[in-house]
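**Student:** Please read through the structure below; I'll follow up with questions.
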Amino acid sequence: MGKTGKKIKRMLAQGHFALSLHAAERSAERMISESDIMECGASAKKVVFQEDKGTWKVNGSDLDGEDLTVVCKLKGDLLIVTMYRKS
Amino acid sequence: MALKTIHYKISGLDYVYVRVPVTKDDDGEDYIDFPMGDIEEAIAVALIKSRVPLRGAEVIFLRKALGHTLKSWADALGLSAAGVLKWERATKQRLSTVNEAAVRAFCAEELGVELPGVLSQLVGKDKTPKRLSVKLEDAA
C-alpha cells in the first residue's frame, strides 16, 4: 500500500471524512454508520486507486466484521462517494 | 453552503429526514458539511425522545450509532450476541415491552438524554412514524 493509500486508511479510521449526498440518500446499502466506515479504514488491507474514475477503493470490514468497501475521493478533504457490502 | 433537508436512507430507517449543511466539491458533487457521527447522534436522540417504537431496524441503527459491536451491546444489556442478532434480523418486528424499555433507557444514558423513569415513557408509541424530521441541534 502506497503513501496515499495509508493516508486514506488513517483518515477513514480517525473519522476525518465527509459523506456525499449521493451516499447518504441513494446508497444501495442501508445502515452503514460512521463506526462502520472508521472500522473499514482501520481494518483495510487493500486501498486501490481507480484511474478511470479518479477514486480510491478501500476494502475492509465493518463493525461486525462483515466485508465493506468504501469508495472515496481525496482532494484535500476525503469525500465518500459510495459504499457497498459484498453480496 | 446551503441547508438542505435530505432523506437519510443510509440510516436504514426509511422515515428519517435530516436538515444538513451541503457544500459542493471541486467536481460539483454535493457533500454534507457536518460530521456523520453527529448526524447519527441527533437521529438517535430523536428516536429516544420521540418514543419511536423500537424494532430490529432501530436497534441496529442505535447500536452502531453508539459505536457498539454486537458483543459490547449484548454485554451491556446482559444478553447474548446471538439474542441481539435475532432482534436485528427481524427488522420490522417490535421488541417486547421490557426489552424496548431496557434498550431505550440504556441509549438515553449513553446519549445523556434524561427520560422519566416510568415504563410508559420508556416504551415507544403505537406506530412507527411516517416521517421523523431531525434537527442537528437535537444532538445531546
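For the record, the sequence lines run as chains A and B.
In the numbering used here, each residue carries its 1-based index in the first sequence increased by 305.
In the numbering used here, each residue carries its 1-based index in the second sequence increased by 381.
A virtual CB, placed ideally from N, CA and C, is assigned to each residue, including glycine.
1. For R485 (chain B), count neighbouring C-beta atoms within 10 Å of its own C-beta (all shown protein chains included) and say buried if the count is 16 or more, exposed if not.
2. Under 8 Å, Cβ to Cβ, is there at least one residue of chain B near K337 (chain A)?
3. For G418 (chain B), which of helix, strand or coil comes out of DSSP?
4. Using a C-beta cutoff of 8 Å, does A521 (chain B) count as contacting chain A?
5. Per DSSP, what are the beta-bridge partners of H449 (chain B) in this structure?
6. Strictly below 9 Å CB to CB, what residues from chain E border S366 (chain A)?
7. Please state the DSSP three-state secondary structure of Q337 (chain A).
8. Compute the distance between the beta-carbons of G270 (chain A) and E334 (chain A), then report whether it is under 8 Å.
9. Which residues in chain B sit within 7 Å of A323 (chain A), going by Cβ to Cβ distance?
10. Thinking Y398 (chain B) and L476 (chain B) are a contact (beta carbons under 8 Å), I'd like their distance in whole angstroms, please.
11. What separation, rounded to the nearest whole angstrom, lies between the Cα atoms of Q355 (chain A) and M316 (chain A)?
12. Where does R512 (chain B) sit, in a helix, a strand or coil, going by DSSP?
13. Near S431 (chain B), what residues of its chain come up, given a Cβ to Cβ distance below 7 Å and the 5 sequence neighbours on each side ignored?
14. If you draw a straight line from the alpha carbon of L428 (chain B) to that of T509 (chain B), how long is it in whole angstroms?
15. Is G320 (chain A) close to chain B? Criterion is C-beta to C-beta, closer than 8 Å.
16. Compare the Cα-Cα distances from E422 (chain B) to each of B:L458, B:H449, B:L443 and report the closest residue.
17. Between K380 (chain A) and chain B, is any beta-carbon pair separated by less than 8 Å?
18. Select from B:A446, B:D395, B:T386 the residue whose C-alpha is nearest the C-alpha of K511 (chain B).
19. According to DSSP, what are the bridge partners of G365 (chain A)?
20. Quick one: does T450 (chain B) have its CB under 8 Å from some CB of chain A?
**Tutor:** With the structure as the only source:
1. buried
2. The identity of residue 337 (chain A) in the sequence shown is Ile, whereas the question assumes Lys. It does: the Cβ of I337 (chain A) has a partner Cβ on chain B nearer than 8 Å.
3. helix
4. Note that A521 (chain B) scores a pLDDT of 44, beneath 50, so its modelled location is shaky and nothing firm can be said.
5. According to DSSP, which records beta bridges pairwise, H449 (chain B) is partnered with nothing at all.
6. No chain E appears in the structure shown, which is made up of the protein chains A and B.
7. A small fix is needed here, since residue 337 (chain A) is Ile in this sequence, not Gln. Here I337 (chain A) sits in coil by DSSP.
8. Since the first residue shown for chain A is 306 and the last is 392, residue 270 (chain A) is missing from the structure and cannot be characterised.
9. Y412, I413, D414
10. With 8 Å as the limit, Y398 (chain B) and L476 (chain B) do not qualify as a contact, their Cβ atoms being about 24 Å apart.
11. 18 Å
12. coil
13. L513
14. 10 Å
15. yes
16. B:L443
17. yes
18. B:D395
19. A:L373
20. yes
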